[in-house]
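In this note's numbering, the protein residues as written are 3 to 177.
Beta carbons are placed, not taken as given, at the ideal position from N, Cα and C, and that holds for glycine.
Computed from a predicted structure; not experimentally measured.
Reviewing the structure listed below.
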């Protein structure tokens, strides 16, 4: 099975998910506050669903349609969330959608910003894409703050579910 590369930030390790992560994925995504801000897994996440989601992440990485990483702490390897890109490289698109969630016990520590910034850098360096975008719900302004901190800017409002789109072009990306 082809796995995503592992890379390191100041406080985090971003790596492929393993089936051993299923219990932590279930625990973190079962929190209603986390579940209400993501559609990455079915809520609440059952063990089998978490394992199927992990398997799906690996299959999509092998197909080249997605790169999804487990976000873990460098200090002890604790799984705290996920960050990833979903690619649209068919004409007329040459971009990717950024997505992430961090478990509630790890909110307000800057981990989402650190992981998202690393993912944007990875996306622009590794893949032939011109733009990375992210959508967030107006009821979740903290996510909008993360996007601004990593250099993304307002693009437009989406009609569905009171969502806002932010983006960054490769030419704007510095690093």
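query: Spatial neighbours of residue 179 in its chain, beta-carbon cut-off 7 Å, leaving aside the 5 residues before and after; result: The shown model of the chain, from 3 to 177, leaves out residue 179, and the question about it has no answer.
query: Distance between residue 36 and residue 105 (C-alpha atoms, nearest Å); result: 7 Å
query: Residues that DSSP places opposite residue 97 in a beta bridge; result: 90, 133
query: Same chain, Cβ closer than 8 Å to residue 43, neighbours up to 5 away in sequence not counted; result: The predicted position of residue 43 is uncertain, since its pLDDT is 43 and thus under 50; no value can be drawn from it.
query: Alpha helix (DSSP H) runs wholly inside the region 99 to 169, at least 4 long, in chain order; result: 113 to 128, 143 to 151
query: Which residues DSSP lists as bridging residue 13, in chain order; result: Paired residue(s): none; residue 13 is not in a bridge.
query: First and last residue of the uninterrupted beta strand (DSSP E) at residue 72; result: 68 to 75
query: Within 7 Å, strictly: CB atoms of residue 158 and residue 168; result: no
query: Assigned secondary structure, residue 8 (DSSP; H/G/I helix, E/B strand, else coil); result: coil
query: Selected residue, minimal CA-CA separation from residue 34, among 69, 103, 12, 98; result: 103
query: Proximity to residue 139 [Cα-Cα], best of 130, 132, 149; result: 149
query: As assigned by DSSP and simplified to three states, the class of residue 20; result: coil
query: Helix, strand or coil at residue 175 according to DSSP, with G and I counted as helix; result: coil
query: Pairwise C-alpha distance: residue 137 and residue 166; result: 5 Å
query: Counted within 10 angstroms of its Cβ, other Cβ atoms place residue 133 as buried (16 or more) or exposed; result: buried
query: When 117, 111, 130 are compared against residue 66, the one with the closest alpha-carbon; result: 130
query: Outcome for residue 71 when other beta-carbon atoms lying within 10 angstroms are tallied against a minimum of 16; result: buried
query: For residue 80, three-class secondary structure by DSSP; result: coil
query: Between the CA atoms of residue 151 and residue 12 - distance to the nearest angstrom; result: 16 Å
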